[in-house]
Amino acid sequence: MRFVIDPKIFEQNHDLKVGAVIIKGMNNMKRVSFVESLLRGIIAQRRKEFVNKNVFEDKMVAPWCHAYGKFGVNPKKNSPSIAALLGRIKSGKDLPHINLLVDLYNYFSLKYLLPIGGEDMDWLCGDLKLIFTKGGEPFRQIGEIEVERAKEGEAAYLDDGGITCRYWNYRECERTKFTMKTVNAVLLIEDLSKMHMDEFGRILKDIENAVTKYIGGQVETHILNEEHAELDLGIQGRKNADDSKVPQQEIAYYMEQKKKQPQVEKVEEHPKEASEESVKKAVNESVKAPVEEPSKAAEKRLVKKKPRISSACLVTSDAKSFKSKIQTLVGKSVKKTFPEMEVPFIKIENPEDIKHGDYSVNIAMQIVKEIHLPPTEIAKKIVENLPKNTFTEKVEIAGPGFINFFISRKSLDAEVKKILKEGEEYGSSKTGKGKTIVLDYSSPNIAKPLGVHHLLSTIIGQSLYNIFKKIGFNCVSVNHIGDWGTQFGKLISAYKKWGNKEVVEKNPIDELLKLYVKFHDEAGKDPSLEDEARVEFKKFEEGDEENHKLWEWFVAESMKEINKTYDLLGGIHFDYVHGESFYEDKIGPVLEEGKEKGVFEIGEEGAFVIKFEDPNIPTVPVQKKDGTTLYITRDFATFKYRMERWNPAKILYVVDVSQKMHFIQLFEGVRRMGWEADRGEHVWFGRMSMKDGKMSTRTGNVILLNEVISEAFNRARRVIEEKTPDLKDKERVAGAVGIGAVK
Numbered sequence: 008m009r010f011v012i013d014p015k016i017f018e019q020n021h022d023l024k025v026g027a028v029i030i031k032g033m034n035n036m037k038r039v040s041f042v043e044s045l046l047r048g049i050i051a052q053r054r055k056e057f058v059n060k061n062v063f064e065d066k067m068v069a070p071w072c073h074a075y076g077k078f079g080v081n082p083k084k085n086s087p088s089i090a091a092l093l094g095r096i097k098s099g100k101d102l103p104h105i106n107l108l109v110d111l112y113n114y115f116s117l118k119y120l121l122p123i124g125g126e127d128m129d130w131l132c133g134d135l136k137l138i139f140t141k142g143g144e145p146f147r148q149i150g151e152i153e154v155e156r157a158k159e160g161e162a163a164y165l166d167d168g169g170i171t172c173r174y175w176n177y178r179e180c181e182r183t184k185f186t187m188k189t190v191n192a193v194l195l196i197e198d199l200s201k202m203h204m205d206e207f208g209r210i211l212k213d214i215e216n217a218v219t220k221y222i223g224g225q226v227e228t229h230i231l232n233e234e235h236a237e238l239d240l241g242i243q244g245r246k247n248a249d250d251s252k253v254p255q256q257e258i259a260y261y262m263e264q265k266k267k268q269p270q271v272e273k274v275e276e277h278p279k280e281a282s283e284e285s286v287k288k289a290v291n292e293s294v295k296a297p298v299e300e301p302s303k304a305a306e307k308r309l310v311k312k313k314p315r316i317s318s319a320c321l322v323t324s325d326a327k328s329f330k331s332k333i334q335t336l337v338g339k340s341v342k343k344t345f346p347e348m349e350v351p352f353i354k355i356e357n358p359e360d361i362k363h364g365d366y367s368v369n370i371a372m373q374i375v376k377e378i379h380l381p382p383t384e385i386a387k388k389i390v391e392n393l394p395k396n397t398f399t400e401k402v403e404i405a406g407p408g409f410i411n412f413f414i415s416r417k418s419l420d421a422e423v424k425k426i427l428k429e430g431e432e433y434g435s436s437k438t439g440k441g442k443t444i445v446l447d448y449s450s451p452n453i454a455k456p457l458g459v460h461h462l463l464s465t466i467i468g469q470s471l472y473n474i475f476k477k478i479g480f481n482c483v484s485v486n487h488i489g490d491w492g493t494q495f496g497k498l499i500s501a502y503k504k505w506g507n508k509e510v511v512e513k514n515p516i517d518e519l520l521k522l523y524v525k526f527h528d529e530a531g532k533d534p535s536l537e538d539e540a541r542v543e544f545k546k547f548e549e550g551d552e553e554n555h556k557l558w559e560w561f562v563a564e565s566m567k568e569i570n571k572t573y574d575l576l577g578g579i580h581f582d583y584v585h586g587e588s589f590y591e592d593k594i595g596p597v598l599e600e601g602k603e604k605g606v607f608e609i610g611e612e613g614a615f616v617i618k619f620e621d622p623n624i625p626t627v628p629v630q631k632k633d634g635t636t637l638y639i640t641r642d643f644a645t646f647k648y649r650m651e652r653w654n655p656a657k658i659l660y661v662v663d664v665s666q667k668m669h670f671i672q673l674f675e676g677v678r679r680m681g682w683e684a685d686r687g688e689h690v691w692f693g694r695m696s697m698k699d700g701k702m703s704t705r706t707g708n709v710i711l712l713n714e715v716i717s718e719a720f721n722r723a724r725r726v727i728e729e730k731t732p733d734l735k736d737k738e739r740v741a742g743a744v745g746i747g748a749v750k
């Protein structure tokens, strides 16, 4: 994968120099207080320097304004990144911590007054290019789900997936942004001044040294100019990307985060451009000594209406645990310090660095919009009003306002003694007594092997089951098997054409998978096969004896193989195994109820759909025009059945993030049906994927779970043979170590 600057860029900008700092194998997960201090220091310095100075007239910024004008963009409306950065801090705003790499490049951008940005190279698709756009290229900026389209002639960074940075360095895109999980990155440092090449090289060396010191990895630096406009980045990147298409799970996540944002009452309208006098005032106020009490104006601006925790939220923590005790302490202090504000949910976390304590609370940042004080001031007041206790040794304020708790040695000693005394019973309680939780996890499809992507749902679901059971809940685990749907028409058709009973019986799932994949390969060449499959499925639905027997055989043989894999994993338990077919006779009444209540509306060509008020939630069909039901229809029937049978406090669906939108649609539909939608909850986790796209059974692009387990076992056995060849029970130990590693 290369980085290339189009010669036309240099034709208009002869002085352009671009430094590329390539970082491979970095650790962007940590926070470095010294880097954050450097950033705060340079912010204060530049704020003071620019208080009476026009940002756009600075000698390092002015060339960028001129360059923007050349390709038809108003730099005061869509500012170059360095101008936007200076404008932000000049107005009195600080820069929030995003991650270590962003903190570092913001520091150097302000230090040298140069635009600095970059790309997560693992998310790039094809060559990275700095060019003038042809027009129509897609761009989705960080934190947004709306897709913009470039006009002809814009300077932009882009790859095969879309624009990665619009208007040269104005806005970066969502896909290639730096996150804490970024491992391979390229920083791009741009200069349009007449700075000497040697001086620019020293700046890059300064950045390289800092990256090496604080982030690590293999770091190399290059300079691109008119004579040398191309660079090999040394990373493959992704094979597929299309920024014009926003994944449904990302839309769902965006909507979820939007709902979580506190609703702050509007106090006043701020002019778009602050006067010089107001900027001076903001700077002066920002360097004042901390005040002891909130101002009267701030007290009046406190928001009294906060979203309440749902009545269906579960109380799962033991009141005697350190976390619960800290929650109680902080809650009491917040109530005492800010009596007009309703206390929000207080999240307790464990700091990554033990130097920052045993537990940490970010409540100060959480309520900053309501209190209208700097988060460090809020944190200070909360700490001052903490009730006295015997289990903490000290409490400190760190960074932008974290409150860190250090547990006393005496309390830790007492807890260790308790663990030794109680053994396996440690942590058990009666917190959930009298309440039922239904957990839906694993949920494989019949005639398809368990892939490695099933592992997370299975292990997380079983772990949650074990934990909830340990603290007193009545738990019901359900394996919701995919044994219904039009895919069985395809499989029945494939088996009748190419199947052999003896071959299938020797290796059921593998052979059925081969038939399924072959059907899709052949249907790509001959679309009429899809029609044949629909006919076979309709015959099956109408009770055709031959097709029904084939289906029963597919299910029985598949479950034998699936259960063997569960046995290999060990500790996997289901109270009920209910296929989608279990709910077929329960769908009719649900459809009638939905139609009567107006939840299921007539859509195109006589199909029934659910339409949503929120434009970000797509209309979803529940019954096709031919009367066929869909996956979500069966989920409605499943929800109602579980509510009526077990009356659970919660139904937890342990399913990966790709189904986020599905569950938003389901729960909103359930709410409109009047079925206590807040009892349902999607417990989501990241989706496993490969660089050439997501895993798909249709194409055979699946890593089988059995193969992963076998590989883990073999690796563990090799290590044992090398290091402890005389060990007894080698096979048992290798199995335990291998399975443990997989889990």
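Here my numbering runs 7 ahead of the position in the sequence shown, where the first position is 1. The beta carbon of each residue, even a glycine, is placed where N, CA and C say it ideally should be.
Is the CB-CB distance between residue i and residue j below 8 Å?
i	j	result
Glu-155	Phe-146	yes
Asp-447	Val-485	yes
Lys-388	Thr-344	yes
Tyr-112	Leu-46	no
His-21	Glu-233	yes
Val-584	Phe-607	no
Pro-451	Leu-711	no
Arg-649	Ile-594	no
Tyr-502	Leu-536	no
Ile-242	Ile-214	no
Which residues in the same chain have their Cβ closer than 7 Å to the Cβ of residue i, if we skip the five residues on either side of it in sequence?
i	result
Ser-302	Low confidence applies to Ser-302: its pLDDT is 38, below 50, so where it sits in the model is not reliable, and the reading given next is rough at best. There are no such residues.
Thr-399	Phe-412, Phe-413, Ile-414 and Ser-415
Val-62	Val-68, Ala-90, Leu-93, Gly-94 and Lys-97
Phe-692	Leu-463, Ile-467, Asp-663 and Val-664
Glu-543	Gly-496, Ile-499, Ser-500 and Asn-554
To which residues does DSSP link residue i through a beta bridge?
i	result
Gln-630	Phe-615 and Thr-636
Asp-127	Ala-192
Cys-757	With the chain covering only 8 through 750, there is no way to say anything about residue 757.
Lys-497	Answer by DSSP bridge pairing: none, since Lys-497 is not bridged.
Val-584	Asn-486
Arg-9	Asp-239
Ile-30	Ala-192 and Val-226
Val-661	Val-690
Pro-145	Arg-156
Glu-179	Cys-172
Arg-245	Cys-132
Glu-356	Ser-367
Gly-458	Leu-711
Taking 6 Å as the limit between beta carbons, can you name the residues of its chain near residue i, skipping five residues before and five after?
i	result
Arg-173	Phe-146 and Ala-163
Ala-540	Gly-496, Lys-497 and Ser-500
Gly-492	none
First and last residue of the beta strand (DSSP E) that includes residue i?
i	result
Lys-401	399-405
Asn-411	409-414
Quick one: Cα of residue i to Cα of residue j, how far?
i	j	result
Thr-183	Ala-27	16 Å
Ile-170	Tyr-177	12 Å
Glu-151	Gly-489	34 Å
Gln-52	Lys-401	33 Å
Gln-19	Phe-41	40 Å
Ala-217	Val-226	10 Å
Arg-694	Leu-673	20 Å
Gly-408	Ile-444	37 Å
Ile-138	Leu-23	13 Å
Val-744	Ile-579	17 Å
Val-274	Asp-101	Annotation note: pLDDT 33 at Val-274 (below 50); position unreliable, coordinate value reported separately. Computed Cα separation, rounded: 20 Å.
May I ask which residues mark the beginning and end of the alpha helix (DSSP H) holding residue i?
i	result
Tyr-523	515-532
Gln-334	329-344
Lys-55	40-57
Ala-217	204-221
Leu-108	107-119
Asp-574	552-576
Within the same chain, show all residues whose beta-carbon is closer than 8 Å to that of residue i, passing over the 5 residues directly before and after it, in chain order.
i	result
Ser-317	Because the pLDDT of Ser-317 is 40, which lies under 50, any placement of that residue in the model is unreliable, and the question is left without a value.
Trp-130	Arg-182, Thr-183, Gly-244, Arg-245 and Ala-248
Would you please verify whether the beta carbon of residue i is less than 8 Å from any beta carbon of chain B?
i	result
Phe-63	Chain labels in this structure do not include chain B; a single protein chain is all it has.
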